[in-house]
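For the sequence shown, UniProt numbering begins at 1 and goes up steadily by one.
A virtual CB, placed ideally from N, CA and C, is assigned to each residue, including glycine.
Only one structure is covered here, and it is reproduced in the block below.
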Amino acid sequence: MPKPSLADLTAFASIAEHRSFRRAADALGVSRSSLSHLMRALERTLDVRLLHRTTRSVAPTEAGERLLKRLMPVLRDLDEALDAVSDDRGQPSGTLRINGNEAATRLLLRTVVPAFLARYPQMALDLVSEGRLIDIVEQGFDAGIRLAESVPHDMIAVRLGGDVRFVAVSSPAYLAASSTPRHPDDLRQHRCIRQRLPSGKPYRWEFARHGQEIAIDVPGVLTLDHSGLMVEAAIDGLGIAFVPEHVARAALDSNILAIVLEDWSPAIAGLCLYYPGNRHVPAGLRAFIDMLKTVAFDPAATAW
């Protein structure tokens, strides 16, 4: 029986890991049709079905699971061997894919990206900015960037700066016409500027004091999906907004906005770059992390 090529086996492993022909094709840089043809040829060569295929999903068969279990350590060892060669040259190469929200992507572009690309000319960066939380492994990313509280527990996280704080803010004119909230529950009697998450769900405002935590689905007739727009709406007297403090800092310093419930607004851990702890770490990602650790991030710029 002819032996499958390394490319065939790598393609199978990618499909099985991503549970998707489309995502595997994107990760490998090939077309979905060519990947499907390659898998059919591999199954004919081995004379065994490796994948269950439906219109909605792909999953390994029992034979596929057995092959994948034996194959993954071999592919990891191969990746490590190739990375060792790159280390000997002192120049990692390839494409590093990172998923983060817009603020995180802007932060990288202002700080790490220029120096990284200058130092490692054989590396390419693919930065995807989106608000929704995703499974970075399933979607074919090497790393992600999110607030520390949103990082999955099975990931390794690297801090990008100091703590951040979310605050409720309002214009003096709005507070003059309404009673000032003294407790988070008081917000139920106020006009609030709600936030819609990328998932489509409304964001529940979260407060904490002396060990007591409260999350409120606030009332309001205006819903926005951008912190900057929420600040502008609050300045215009349209209600109380809940935003990262640094986004409202200029308006607060100018006294055109004021913080309410300040003693209910503690600092929380800020942004982290995170990556799978149970997989081989590519040389390019290791180099990127090493460079992250040398950057003196402005804590005010590392909020979500």
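Open item on the list: According to DSSP, simplified to helix, strand and coil, what is L224?
Closed with: L224: strand per DSSP, three-state reduction.
Open item on the list: Let me check understanding here. Comparing Cα to Cα, which of L273, A215 and A168 lies closest to M155?
Closed with: M155 has its Cα closest to that of L273, out of L273, A215 and A168.
Task: Complete beta strand (DSSP E) runs within the stretch 50-75 (minimum length 3 residues, chain order) - done: Within the stretch 50-75, the beta strand (DSSP E) runs of at least 3 residues that lie entirely inside it are, in chain order, 51-53 and 58-60.
Open item on the list: Can you check which of these residues, L46, L51 and S179, is closest to S20 by C-alpha distance?
Closed with: Looking at the Cα atoms, L51 is the closest of the given residues.
Open item on the list: Considering Cα atoms alone, identify which of R146, I98 and P114 is closest to V128.
Closed with: Closest by alpha carbon: I98.
Task: heavy atom of the ligand SAH below 8 Å from S265 C-beta - done: This structure lacks the ligand SAH; in fact it carries no ligand of any kind.
Open item on the list: Within 10 Å of its beta-carbon, does R38 have 16 or more other beta-carbons around it, so buried, or fewer, so exposed?
Closed with: The amino acid at residue 38 is misidentified as Arg; the sequence shows Leu. The Cβ neighbour count for L38, taken over all protein chains shown within 10 Å, is at least 16; the residue is labelled buried.
TODO: Could you check how far apart the C-beta atoms of G220 and R204 are, in whole angstroms? I think they sit under 8 Å.
DONE: Contact flag wrong, Cβ pair sits at about 13 Å.
Task: Range of the contiguous alpha helix (DSSP H) that encloses A148 - done: It is not in any alpha helix (DSSP H) - A148 carries neither H nor E in the DSSP assignment.
- [ ] Within 10 angstroms of the Cβ of A267, are there 16 or more other Cβ atoms? Answer buried if so, exposed if not.
- [x] By the 10 Å Cβ count, A267 comes out exposed.
Task: Rounded separation between A157 and I216 - CA only - done: Roughly 29 Å between the two C-alpha positions.
Open item on the list: Quick check: the stretch 106-114 against the stretch 250-267, are at least 3 beta-carbon pairs closer than 8 Å?
Closed with: With the cut-off at 8 Å, the stretch 250-267 and the stretch 106-114 do not touch.
Open item on the list: Could you check whether L175 and L271 sit closer than 9 Å to each other, using their CB atoms as the reference points?
Closed with: Against a cut-off of 9 Å, the Cβ pair of L175 and L271 comes out as no contact.
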